[in-house]
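**Q** Just passing along the structure, written as structure tokens.
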Amino acid sequence: MKHLATLLIGCSSFLTLKAQQKFDTEAHRGGRALMPENTIPAMLNGVRLGAQTLELDCHITADGKVMVSHDPFMSSIIMLKPDGSEISKAEEKEYVLYKMPYDSIRRFQEGVKQHPNFPDQKQVKTYKPLLADLIDSVENYVKENHLKPVYYNMETKSQPEGDNILNPVPDVFVKLLMEVITEKKITDRVIIQSFDPRTLQVLHQQWPKMKTAFLTQTGSYEDNIKTLGFTPTILSPEFKIVNEAMVKAAHKNRVKVLPWTVNNEADMKALAVLGVDGLISDYPDRLVKLFGSYQQK
Numbered sequence: 002m003k004h005l006a007t008l009l010i011g012c013s014s015f016l017t018l019k020a021q022q023k024f025d026t027e028a029h030r031g032g033r034a035l036m037p038e039n040t041i042p043a044m045l046n047g048v049r050l051g052a053q054t055l056e057l058d059c060h061i062t063a064d065g066k067v068m069v070s071h072d073p074f075m076s077s078i079i080m081l082k083p084d085g086s087e088i089s090k091a092e093e094k095e096y097v098l099y100k101m102p103y104d105s106i107r108r109f110q111e112g113v114k115q116h117p118n119f120p121d122q123k124q125v126k127t128y129k130p131l132l133a134d135l136i137d138s139v140e141n142y143v144k145e146n147h148l149k150p151v152y153y154n155m156e157t158k159s160q161p162e163g164d165n166i167l168n169p170v171p172d173v174f175v176k177l178l179m180e181v182i183t184e185k186k187i188t189d190r191v192i193i194q195s196f197d198p199r200t201l202q203v204l205h206q207q208w209p210k211m212k213t214a215f216l217t218q219t220g221s222y223e224d225n226i227k228t229l230g231f232t233p234t235i236l237s238p239e240f241k242i243v244n245e246a247m248v249k250a251a252h253k254n255r256v257k258v259l260p261w262t263v264n265n266e267a268d269m270k271a272l273a274v275l276g277v278d279g280l281i282s283d284y285p286d287r288l289v290k291l292f293g294s295y296q297q298k
């Protein structure tokens with residue numbers, strides 16, 4: 002009976018949270034369980050499904066352009082060469098994005114290979130886009146279909162050991178990214194997230210009004226804020242380390258908690274009961290099923 006009472010209380014709390022308007026549903030890499038990751042087709046699908054925010058990853062090319070990709074090179078798992086031939090595991094790191102001009106990157110094929118971890122991912126022949134082109138495609142789609150403007154959660158893919166090898170130094174990375182965001186006039190609808198505290202520190206110093214999210218896989222709320230050196234808009238932990246104490250400490254300091262990457266519906270419900278402010282998932286359709294369509298709120 003005690004277990005049943007606890008379950009009923011949890012369900013009641015979940016239903017209350019489900020009704021809240023501010024719960025952020027984020028399509029991880031556009032929803033990579035459903036469409037080729039970090040591509041324009043994936044982002045448009047995320048909008049169609051009713052996700053509030055499109056989560057994506059940013060890299061810089063050899064010619065200083067901001068492009069969208071998770072991996073810093075052409076992954077053998079999801080990419081093909083321009084002629085359609087395979088990229089072997091041994092040679093994938095020969096194609097480092099930071100060492101390639103975008104016109105060369107654009108010719109590689111994505112969406113043709115079936116992703117081994119996502120059997121339901123639709124195969125659509127596409128490519129790694131420029132951030133500016135992705136934003137234009139989403140904004141035009143939203144306008145043409147008379148939808149509510151969506152949000153973007155952009156990760157700076159950088160690390161100290163990758164400086165000038167896989168990524169530019171933080172101030173250069175942030176400058177290039179902010180140029181695109183300000184040109185497209187979407188600064189009020191963008192979160193910039195990173196595992197690299199340096200890029201977030203540059204943003205905090207130079208663009209203090211930008212929303213920031215610190216990505217983490219370890220530590221308490223207090224540990225991560227100490228590492229970052231300032232209070233961000235959001236703490237974004239791997240969902241497995243989220244607990245009640247973390248959520249309470251964050252909320253006490255007016256910091257939102259946005260866990261990643263949550264694909265199981267039971268985990269989604271449990272985290273909602275803990276009071277998180279949103280979830281990042283490869284399955285935006287599951288988020289919308291549980292928390293409702295952003296377009297219908």
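First residue of the sequence shown? That's 2 in the working numbering, and the numbers climb one at a time after it. Using N, Cα and C, we set each Cβ at its ideal position, and we do this for glycine too.
(1) Taking only the alpha-carbon atoms, compute the straight-line gap between V289 and G51 and give it to the nearest angstrom.
(2) Three Cβ pairs or more, each shorter than 8 Å: is that satisfied between the region 93 to 111 and the region 133 to 140?
(3) Tell me the rounded alpha-carbon separation between L55 and I192.
(4) May I have the straight-line CA-CA distance separating T188 from Q206, to the nearest angstrom?
(5) Looking at the unbroken alpha helix (DSSP H) that takes in H252, where does it start and where does it end?
(6) Are any of the Cβ atoms in chain E nearer than 9 Å to that of T234?
(7) Please classify I78: is it buried, with 16 or more other beta-carbons within 10 angstroms of its beta-carbon, or exposed?
(8) Would a C-beta distance cut-off of 9 Å place Q1 and F231 closer than the cut-off?
(9) Where are the beta strand (DSSP E) runs, 3 residues long or more, that stay fully inside the region 181 to 256, in chain order?
(10) Is it right to say N141 is buried, meaning 16 or more other beta carbons lie within 10 angstroms of its own, or is it exposed?
(11) Checking the sheet assignment: what are the DSSP bridge partners for S57?
(12) Look at the alpha carbon of L291 and the alpha carbon of P209, and state the distance between them as a whole number of angstroms.
(13) Of all the options V173, P171, A251, which has the alpha carbon lying nearest to the alpha carbon of D224?
(14) On the premise that R30 lies in contact with H60, defined as a C-beta separation below 8 Å, what is that separation, rounded to the nearest angstrom?
(15) Starting from the Cα of E145, find the closest Cα among V48, L272, M211 and give me that residue.
(16) Could you pull out every residue in the same chain whose Cβ sits closer than 8 Å to the Cβ of L272, ignoring the five residues on either side in sequence?
(17) Following the continuous alpha helix (DSSP H) through G47, name the residue where it begins and the one where it ends.
(18) Give the range of the beta strand (DSSP E) segment to which L280 is assigned.
(19) Throw me the rounded Cβ distance for the S237 and D197 pair, which I believe falls under 8 Å.
(20) Output yes or no for whether 9 Å exceeds the beta carbon distance between K126 and G112.
(21) Among Q297, D283, F174, which has the Cα closest to the Cα of F119?
(22) Between which residues of its own chain and K19 is the CB-CB distance below 6 Å, once the five residues before and five after are set aside?
(23) With a threshold of 7 Å on Cβ separation, who are the neighbours of D64 within its own chain once the five nearest residues in sequence on each side are excluded?
(24) Specify, as a first and last residue, the run of the alpha helix (DSSP H) that V67 falls within.
(25) Who are E131's beta bridge partners in DSSP?
(26) So the beta strand (DSSP E) D25 belongs to, where does it begin and stop?
(27) Need the endpoints of the alpha helix (DSSP H) that M269 sits in, please.
(28) Using only the alpha-carbon positions, how far apart do Y96 and L81 sit?
(29) Which residues in the same chain as A43 place their Cβ atom closer than 8 Å to its Cβ, once the five residues preceding and following it in sequence are excluded?
**A** On the basis of the coordinates in this document:
(1) Along the sequence shown, read from residue 1 onward, the residue named residue 289 stands at position 288. Along the sequence shown, read from residue 1 onward, the residue named residue 51 stands at position 50. For V289 and G51, the distance between alpha carbons rounds to 6 Å.
(2) no
(3) Taking the first residue of the sequence shown as 1, we reach residue 55 at position 54. Taking the first residue of the sequence shown as 1, we reach residue 192 at position 191. Approximately 10 Å between the Cα atoms of the pair.
(4) For this step, residue 188 is matched to residue 187 along the sequence shown. For this step, residue 206 is matched to residue 205 along the sequence shown. Those two C-alpha atoms are separated by around 16 Å.
(5) What you label residue 252 is simply residue 251 of the sequence shown in a count that begins at 1. First-last of the alpha helix (DSSP H) with H252: 245 to 253.
(6) Reference to chain E is not applicable here, since this structure consists of a single protein chain.
(7) Locating residue 78 in the sequence shown gives position 77, counting from the first residue. Exposed: under 16 other Cβ atoms inside 10 Å.
(8) Limits of the chain in this structure are 2 at one end and 298 at the other, which puts residue 1 out of reach.
(9) 191 to 195, 212 to 217, 235 to 238
(10) Looking up residue 141 in the sequence shown gives position 140. Answer is exposed; the Cβ neighbour count stays below 16.
(11) Position 56 of the sequence shown, counting from 1, holds the residue named residue 57. Note that residue 57 corresponds to Leu in the displayed sequence, not to Ser. L57 is bridged to M155.
(12) Indexing the sequence shown from 1 puts residue 291 at position 290. Indexing the sequence shown from 1 puts residue 209 at position 208. Spanning the two alpha carbons is a distance of roughly 34 Å.
(13) Position 223 of the sequence shown holds residue 224. Ranking the options by Cα distance to D224, first place goes to A251.
(14) For the purposes of this step, residue 60 is taken as residue 59 along the sequence shown, with counting starting at 1. For the purposes of this step, residue 30 is taken as residue 29 along the sequence shown, with counting starting at 1. Actually they do not touch by this definition, with Cβ atoms about 13 Å apart.
(15) The residue you call residue 145 lines up with position 144 of the sequence shown. Of the candidates V48, L272, M211, the one whose C-alpha sits nearest the C-alpha of E145 is V48.
(16) Numbered from its first residue, the sequence shown carries residue 272 at position 271. Cβ neighbours of L272 beyond the five flanking positions: F240, V243, P260, V263, L280.
(17) Along the sequence shown, read from residue 1 onward, the residue named residue 47 stands at position 46. It spans 41 to 50 - the alpha helix (DSSP H) in which G47 sits, taken as one unbroken run.
(18) Against the sequence shown, residue 280 aligns to sequence position 279. Its beta strand (DSSP E) spans residues 279 to 282.
(19) In the sequence shown, counting from the first residue as 1, residue 237 sits at position 236. In the sequence shown, counting from the first residue as 1, residue 197 sits at position 196. S237 to D197, Cβ: 13 Å. No contact.
(20) Counting from one through the sequence shown, the residue named residue 126 turns up at place 125. Counting from one through the sequence shown, the residue named residue 112 turns up at place 111. Contact flag set, yes.
(21) Residue 119 sits at position 118 when you count from the first residue of the sequence shown. Per the Cα distances, D283.
(22) By one-based count along the sequence shown, residue 19 stands at place 18. Its pLDDT being 49, under 50, K19 is placed unreliably in this model, and the value from its coordinates should be taken loosely. Taken in chain order, the residues that qualify are F292.
(23) Indexing the sequence shown from 1 puts residue 64 at position 63. Closer than 7 Å at Cβ, skipping near neighbours: P102, Y103.
(24) Locating residue 67 in the sequence shown gives position 66, counting from the first residue. Unbroken run through V67 is the beta strand (DSSP E), 67 to 69; no alpha helix (DSSP H).
(25) In the sequence shown, residue 131 corresponds to position 130, counting from 1. The question names Glu, yet the displayed sequence has Leu at residue 131. BP columns for L131 point to M68.
(26) For the purposes of this step, residue 25 is taken as the residue at position 24 of the sequence shown. Segment 25 to 28, the beta strand (DSSP E) holding D25.
(27) For the purposes of this step, residue 269 is identified with residue 268 of the sequence shown, where counting begins at 1. First-last of the alpha helix (DSSP H) with M269: 266 to 275.
(28) Residue numbering aside, residue 96 sits at position 95 when the sequence shown is read from its first letter. Residue numbering aside, residue 81 sits at position 80 when the sequence shown is read from its first letter. Each residue's Cα considered, the two are about 11 Å apart.
(29) For the purposes of this step, residue 43 is taken as the residue at position 42 of the sequence shown. Same-chain partners within the cutoff: A28, R30, G31, G32, R33, L35, M36, P37.
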